[in-house]
Amino acid sequence: MSSPSAADSNGPKSYFVNFNQDSTSLVVGGQFGYRVLSLESVDFLSEIYNNATEHSCIVERLFSSSLIAVVSLSFPRKLKITHYKKGTEICNYSYTNTILGVKLNRARVVVCLEESLYLHNIRDMKVLHTIRDTPPNPRGLCALSSNSENCYLAYPGSSSVGEVQVFDAMNLTAKIMIHAHDSALAALAFAPSGLSIGTASERGTVIRVFSVSDGSKLFEFRRGVKRCVNISCLSFSMCGHFLLCSSNTETVHIFKLEEASKESIGDGLRLLVATENGFLYIFNFDANVGGELQLYKTHQLDDLNGDQSDGGQKVASGDKAGSESEKVREMERAAEAPPQDAFHFTDDQEYPPLTQNSDLN
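Read in order, the letters of the sequence shown correspond to residues 1 to 361 in full-length UniProt numbering.
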């Protein structure tokens, strides 16, 4: 995954790459705008959507919904929330400084600046809470649990040591502070359940997993002892049995968190690695054997000839989102109590075109 500052129009091509919360799609941002790619088949990538309006440096998709959060290189302080199927901009927010990270789940939108975090209600994008005067965080390091029932936000509590601040993003209260490492944090990731968190420091030799409830250490893995590396990403498998770690050594390590039956893990596991130089590598993974993984397939993300299931349509800037009365009716429907199990993210009525603009100070 690349940062907003990583894209340089005068240097080699660099891309922002990111999987959605359940790893069913991949978003790729760059000078061309951004693309949303389906991962239903690893043999053939299909393009769900293509937006070629502006250089995009941060792109986040909400699960498999039509909601896309975008930050452009031209306007790095502005967040736009769009509905790609309707080709409309739902709202946009401007912040006091460059946006370094955006995280989404079914309840919250989190926007990370260097010394503050903004928490929005995803249903109406109202600012619910602002965490100010955080330690300097120039890389925008933070993590938001994809599980809205255990809706936790994690961010560095120090710029010099590996303190993790965990914040309850639903109840808007501090949860716990975890002293994870002696050196500054380099990567954070929540398990799918939201009940544990993986951490790595700038030294990059030790990966740890902690309980969110009490801060106890659950697992510790040693990545290496002879040299320090720059950890670029931590990610849990969707089943929660594995923790993956990538670094500047061009290697990916997979750690097994617990013993699990073959039935619970299943056959035909694959490891997908998206790189900021525009490639998607797919490896076969046998959890019972381990060792070096076999490369199965490589996709070049800037040279796709796949199906464009939505016609490869592009957002028409300034598209009207319906009459004011239609907006009001959609707002009323969206404000109704959602089902207890989950929001209907595939229902367009869940996210009406608000066409809302706001400057946040």
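Ideal Cβ placement from N, Cα and C applies to all residues, glycine included.
The model shown is predicted, which means the values in this text are computed figures rather than measured ones.
Which whole-angstrom value describes the C-beta separation of residue i and residue j, a residue pair presumed to lie in contact below a C-beta threshold of 8 Å?
i	j	result
Ser196	Val209	5 Å
Gly198	Asn230	That belief does not hold up - the Cβ atoms of Gly198 and Asn230 are roughly 16 Å apart, past 8 Å.
Asn248	Ser14	About 14 Å; that fails the 8 Å criterion.
Measure from the alpha carbon of residue i to the alpha carbon of each residue in the options, then state which is nearest.
i	options	result
Asn50	Cys57, Ile58, Val27 and His179	Val27
His179	Ala187, Phe167, Ser158 and His83	Ser158
Arg139	Lys126, Asn20 and Ala184	Ala184
Phe71	Gly30, Tyr118 and Leu79	Going by the sequence as given, residue 71 is Val instead of Phe. Closest option to Val71, Cα to Cα, is Leu79.
His241	Lys256, Ser213, Ser247 and Gly194	Lys256
Ser232	Ser246, Thr275, Leu301 and Met177	Ser246
Thr53	Leu272, Gly29 and Ser46	Gly29
Ala143	Asn97, Glu250, Ala200 and Arg77	Ala200
Tyr155	Ser146, Glu47 and Glu115	Glu115
Ser273	Lys297, Glu258, Cys151 and Asp286	Note on residue identity: the sequence assigns Val, not Ser, to residue 273. It is Lys297.
His299	Pro136, Glu292 and Phe283	Phe283
Leu301	Asn20, Ser23, Glu258 and Tyr34	Tyr34
Lys86	Arg77, Ser66 and Thr96	Ser66
Glu202	Ser160, Ser211 and Pro136	Ser160
Asn20	Leu271, Ser64 and Ser41	Ser64
Phe16	Glu292, Ala189, Asp22 and Thr275	Thr275
Is residue i near the ligand PLP, in the sense that its beta carbon is under 6 Å from a heavy atom of that ligand?
i	result
Asp43	Among the ligands in the structure shown, none appear at all, so the ligand PLP cannot be discussed.
Measure the C-alpha to C-alpha separation of residue i and residue j and round it to an integer number of angstroms.
i	j	result
Ile122	Glu149	14 Å
Phe279	Ala187	22 Å
Val315	Ile68	Its pLDDT being 39, under 50, Val315 is placed unreliably by the model, and the measurement read from it follows with that caveat. The alpha-carbon atoms of Val315 and Ile68 are separated by roughly 12 Å.
Val110	Asn18	16 Å
Pro192	Asp303	32 Å
Leu269	Lys217	27 Å
Arg106	Val127	15 Å
Phe221	Phe75	40 Å
Val289	Tyr281	20 Å
Leu243	Arg223	12 Å
Lys262	Asp286	Low local confidence applies: a pLDDT of 47 at Lys262 is under 50, so the model's placement there is unreliable, and no value is given.
Asp43	Ser146	27 Å
Ser237	Thr82	28 Å
Leu113	Leu73	15 Å
Met125	Gly215	31 Å
His181	Gly162	4 Å
Leu37	Ile48	5 Å
Leu39	Val252	20 Å
Asp133	Phe32	35 Å
Leu141	Leu117	11 Å
Asn97	Asp359	11 Å
Should the segment 84 to 95 be regarded as contacting the segment 161 to 178, the criterion being three or more beta carbon pairs within less than 8 Å? No, they do not touch.
What beta strand (DSSP E) runs, 3 residues minimum, are completely inside the segment 11 to 76? The segment 11 to 76 contains these whole beta strand (DSSP E) runs: 16 to 19, 25 to 30, 33 to 38, 46 to 51, 56 to 61 and 67 to 72.
Counting Cβ pairs closer than 8 Å, one from the segment 46 to 64 and one from the segment 99 to 114, do we hit at least three? yes
Every unbroken beta strand (DSSP E) inside the segment 67 to 153 [3 residues or more]: Considered as a whole, the segment 67 to 153 harbours 67 to 72, 78 to 83, 88 to 94, 101 to 104, 108 to 112, 116 to 121 and 127 to 132 as its complete beta strand (DSSP E) runs of no fewer than 3 residues, in chain order.
Enumerate, from N- to C-terminal direction, the unbroken alpha helix (DSSP H) stretches of 4 or more residues contained entirely within the segment 228 to 308. 262 to 265
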